[in-house]
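A short write-up of the structure that comes next.
There are 2 protein chains.
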Amino acid sequence: MANAPVQRMSQLMAKTLRDDPADAEVLSHKLLVRAGYVRRTAAGVWTWLPLGKKVLANVERIVREEMDAIGGQEVLLPALLPREPYEATGRWDEYGAELFRLKDRKGGDYLLGPTHEEIFTLLVNDQASSYKDLPVILYQIQTKFRDEARPRAGILRGREFLMKDSYSFDLTDEGLAESYALHRQAYQRVFERLGLDYRICAATAGAMGGSKSEEFLAPAAAGEDTFADCPNCDFAANTEAITYELTPADGSGVPAAEEIPTPDTPTIETLAASLGVPASATLKNLLVKVDGEIVAIGVPGDREVDLGKVEAHFAPATVELVTAEDFEGRPDLVRGYVGPQGLEKVRYVADPRVAPGTSWITGANKEGLHVKNVVAGRDFEVDAYVDVVVVQEGDPCPRCGTGLKLDRAIEIGHIFQLGRKYADALKLDVLGQNGKPVRVTMGSYGIGVSRAVAALAEQTADEQGLCWPAEVAPADVHVVAAGKAVQTELALDISGRLAAAGVRVLVDDRAGVSPGVKFTDAELMGVPQILVAGRRSAEGVVELKDRRTGEREELTVDEALARLTA
Amino acid sequence: MANAPVQRMSQLMAKTLRDDPADAEVLSHKLLVRAGYVRRTAAGVWTWLPLGKKVLANVERIVREEMDAIGGQEVLLPALLPREPYEATGRWDEYGAELFRLKDRKGGDYLLGPTHEEIFTLLVNDQASSYKDLPVILYQIQTKFRDEARPRAGILRGREFLMKDSYSFDLTDEGLAESYALHRQAYQRVFERLGLDYRICAATAGAMGGSKSEEFLAPAAAGEDTFADCPNCDFAANTEAITYELTPADGSGVPAAEEIPTPDTPTIETLAASLGVPASATLKNLLVKVDGEIVAIGVPGDREVDLGKVEAHFAPATVELVTAEDFEGRPDLVRGYVGPQGLEKVRYVADPRVAPGTSWITGANKEGLHVKNVVAGRDFEVDAYVDVVVVQEGDPCPRCGTGLKLDRAIEIGHIFQLGRKYADALKLDVLGQNGKPVRVTMGSYGIGVSRAVAALAEQTADEQGLCWPAEVAPADVHVVAAGKAVQTELALDISGRLAAAGVRVLVDDRAGVSPGVKFTDAELMGVPQILVAGRRSAEGVVELKDRRTGEREELTVDEALARLTA
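In the order they appear, the protein sequences are chains A and B.
Numbering-wise (the working numbering), the first sequence opens with residue 885 and increments by one.
Numbering-wise (the working numbering), the second sequence opens with residue 885 and increments by one.
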């Protein structure tokens, strides 16, 4: 190993703070700021200080190595992108306010790349002309920009962030499946090397389009995603992506629908109580406007509608809740008493729990009345079945029926089989073996490089502070000179010898800082090994402490060096 | 050395082109596109293909190593920056149309960082509180954005480009001088390692402000800068930065000024001819408007005024040429006959060649008349002496008087002693040893990382194409399999063995491509060593060619391996 540098804390730009920053809500935000790894420059916009930059570079290196290992070719695309290709795929508008748009001095429209499907598609269109040029995997590690509505949680959700994005280009669906599998394996290796605890979860494609998609989620309290894990089988999915099969019931024995007076029942709860039935026996109908058209959404009375899922279903149309004004001139819509039966002018979307043959108590479309024995498929038709309810702890696993466990998690990776969406929009063909053009099929794959740093901080931190896995830590050893001259001399001597052996050393050689503060800072900064030149320095005895386990041992200098260079 | 990867050209995204791109004017632009290193994404916005990315990464690594060697600490600041600090230093406006400005979803003003003095100043204000925290050198290698009026010359002058920028923070002028000297040395090492021919030239500070400044210029026909080199002493300067000392003449024997009729002399040339004097005996007075106020600029009649220098002198005021309308209501200004004598309401700026005591023929401020024997300091006063003429080949060296040589060059580095301009604007103090606040003094230093790639291409290319120095080349050896199965087999075998020894290999294993095309591509791509598995492959004999010298040798495989792994 080559000579590694010694970082002297007396010179290092890494001011630690005793208190959490006032605006910090999540652990990684608090600790990364307090330990001097990052600083806020503007809302959702961060500066990486020297220690933070080292961790970031370590993550970047691991990602690069694993992308190279699956034959990925590294390129670097610009962040400043012209409008036209994003116009061609519709994303210039679809991205909404999340896209940073700007004009150049000539008034031309540009955007700051949130992700680069369009530009990679054009690049391959320029570079590949024949089936012989494919398959190919291209990747970049690049700064991305997204104007998040609520940039929060420190670097977990920034408006400028570092991402590895890659794109695969194949001739066939089988080829795409293979490129996808290669990425899946590479991501597993990356996250294992990073020391992250993660789950691979079924996911929705969202604004990206395409078919199959999985997320790599790192369980953490600070996470913005919720995923469901089956305690019995290997099912795991983002709750946004859970879908149930439609299981029709036998409703043939249900008596005819019958109106029942229900005065003083303004809510599902009061209705259920007055009728002596569980809320789950009632059918709740939520009205929304989809690009201005009123649509009804039906779910069991005990469940909440997940508006994100409704929006995803109708995207790119916009979805709004109805207001009192929307009922004007609509005698067919009786507020508080909507039922799907007889709602002829309104599209009806229902959760699969409202399967054909199931029987419900629901609004009678008349003031003060409900109807019982309303059977789906007999008394009303469902225009589309969509999984729109908020998934709850204990909901059945779609695969084996066991009650699901829910957890918060951070999305650290996402892989997509895009198919031909972008190739169609931008006309990406190559000449096939038979001389005829073949439309290319694509995949797109992302790892949040800066976010992975935050996820690691979240998962590995303890009461004392950060606690990095060895491969990403900003140094291998944190040498503390307790304060006296003999201690500082020994600390610097050991640091030099470790560095000469290729060990990355951070040495706390600050003058006028108490040993207590130095120990606290060492714990906070989270380098895996802490070596203290303290009380017994004159005898050549030092203390070696494992940051994670807290185990400490007194060793001679030679023993310590042997241990750390092993 | 670790196992290096083998890049197979059958899979590599690096399409070569036979013809120069239609819009390419300069050599590096033509060759980097033709050899498959870069592609244009938008005006002044470029994509780095795999080979280009490798060269870029090599330059980046060299810069990083040399910055680390002078104790620089690497950080990473955002590109998306808030308006306020740039407002505080005045650069939000001063940068003019070159600054990319944008709004976020809440209407907040942001810019894309063209350079980061303000943000580093604020960062150090946050991180350093005491004299003990300084000096410090911080650097980053980061994408920068400048909305160039005429993005041209490929990656030589892009609107998005990669730059190493660093900033030094010192307590004293001596400290700043030392940080500056460290950078100067580091830059020399960087450019020497890169294999660039360069000169260190005196420079102007421009929009950056500050005092002392030098540029690292790489001579190249495609350069946008002109520098003057003294063939006799070691003087070298950007022509924009050349200044002459004022050398007063003895004008005591000059007769009194005398008006002379000069009909039909619309130009300096016709005037000089009709009077039988050289143009250099006449004084030309150019009128400009400085923030609306008319100012006269005086230079010898045979010299041109460099408007850039006039603008630099009056910055941040704007400078415009006068129009016919500006003469209305100004009987003191007679168009075509302006002379400095008696021009009382107009500020007069002159080149040092118009030194006190020099005598001139100039306009009489009356239609059809000039004046001779007009002596500077006797007949008119100069309000300010400024070097405003366009420097010409043969002008005297300001140091030794020898005639200067002029050359075109590319600016690859620039170092500035900023002093306290930014610290004053943003109130950057630390507590001094005596407990009193000390205003910090700063330096700012840049290397154009992507531009250095273009400069290298410009300087090292030959008739056949690119020709990289070893340390930046995308591979060490370009192995060509001439085409037959035995040749391809041998080429791949050699490639594998070279890679196992840590040699970076690009192997042309393409099927269906003629040997001639492969040889041409190898020359074009410019890897330093070309190994051909050709005619004598079956005997185990290959040809090794030095890309630069063109020397070729037949060697056995073992000899070739020994040579290349030495």
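Glycine is no exception: its CB is placed at the ideal position from the N, C-alpha and C atoms.
Residue i in three-state terms, based on DSSP
| i | result |
| --- | --- |
| histidine 1000/B | coil |
| methionine 885/A | Interpretation of methionine 885/A is limited by its pLDDT of 43, a score under 50 that renders its predicted location unreliable; the figure taken from the coordinates is listed afterwards. Here methionine 885/A sits in coil by DSSP. |
| phenylalanine 1119/A | coil |
| glutamate 1251/A | coil |
| aspartate 1021/A | Here residue 1021/A turns out to be isoleucine, not aspartate, going by the sequence shown. DSSP places isoleucine 1021/A in strand when its eight states are reduced to three. |
| arginine 923/B | strand |
| threonine 900/B | coil |
| glycine 1038/B | helix |
| asparagine 1318/A | coil |
| threonine 1131/B | coil |
| leucine 1382/B | helix |
| methionine 893/B | coil |
| valine 1218/B | coil |
| proline 969/B | helix |
| leucine 1365/A | With the sequence shown as reference, residue 1365/A is identified as alanine, and leucine is not the correct amino acid for it. Strand at alanine 1365/A. |
| glycine 1349/B | strand |
| serine 1013/A | coil |
Rounded straight-line distance, which links the Cα of residue j to that of residue i
| i | j | result |
| --- | --- | --- |
| glycine 1176/A | glutamine 957/B | 56 Å |
| valine 1363/A | valine 1356/A | 18 Å |
| alanine 908/B | alanine 1037/B | 7 Å |
| alanine 1338/B | tyrosine 921/B | 11 Å |
| alanine 1234/B | glycine 1185/B | 12 Å |
| threonine 1372/B | leucine 1007/A | 29 Å |
| leucine 965/B | serine 1158/A | 59 Å |
| glutamate 1510/A | glycine 1434/A | Since the first residue shown for chain A is 885 and the last is 1450, residue 1510/A is missing from the structure and cannot be characterised. |
| glycine 1458/B | valine 947/B | Here chain B has residues from 885 to 1450 only, and residue 1458/B is not among them. |
| valine 917/B | aspartate 988/A | 25 Å |
| leucine 1445/A | leucine 1382/A | 7 Å |
| alanine 1196/B | aspartate 1109/B | 16 Å |
| aspartate 1267/B | lysine 1028/B | 40 Å |
| glycine 1226/A | glycine 1135/A | 19 Å |
| aspartate 1308/A | glutamate 1058/A | 18 Å |
| leucine 1022/A | tryptophan 932/B | 11 Å |
Beta carbon proximity, residue i to chain A, threshold 9 Å
| i | result |
| --- | --- |
| leucine 1130/B | no |
| tyrosine 994/B | yes |
| aspartate 914/B | Before going on, a small fix: residue 914/B reads as lysine here, not aspartate. Not closer than 9 Å to any Cβ of chain A, the Cβ of lysine 914/B fails to qualify, so no. |
| tryptophan 930/B | yes |
| phenylalanine 1515/B | One cannot answer for residue 1515/B here, as it falls past the ends of chain B, which runs 885 to 1450. |
| glutamate 950/B | no |
Cutoff 9 Å: residue i Cβ touching any chain B Cβ
| i | result |
| --- | --- |
| proline 937/A | The sequence given here has lysine at residue 937/A, not proline. Chain B contact via Cβ: present. |
| serine 894/A | yes |
| methionine 897/A | yes |
| proline 966/A | yes |
| tryptophan 976/A | no |
| glycine 955/A | yes |
| aspartate 903/A | no |
| lysine 1016/A | yes |
Residue(s) in a DSSP beta bridge with residue i
| i | result |
| --- | --- |
| aspartate 1109/B | Ala1293/B |
| tyrosine 1232/A | Ala1180/A |
| isoleucine 1126/A | According to DSSP, which records beta bridges pairwise, isoleucine 1126/A is partnered with nothing at all. |
| serine 1243/A | Val1259/A |
| cysteine 1085/A | Glu1099/A |
Enclosing alpha helix (DSSP H) for residue i [first to last residue]
| i | result |
| --- | --- |
| valine 939/A | 934-953 |
| valine 1322/A | Run containing valine 1322/A: none in the alpha helix (DSSP H); it sits in the beta strand (DSSP E), 1321-1323. |
| arginine 918/A | 911-918 |
| valine 1337/A | 1333-1344 |
Unbroken beta strand (DSSP E) run spanning residue i, endpoints
| i | result |
| --- | --- |
| glutamate 1099/B | 1097-1103 |
| threonine 1440/A | 1436-1440 |
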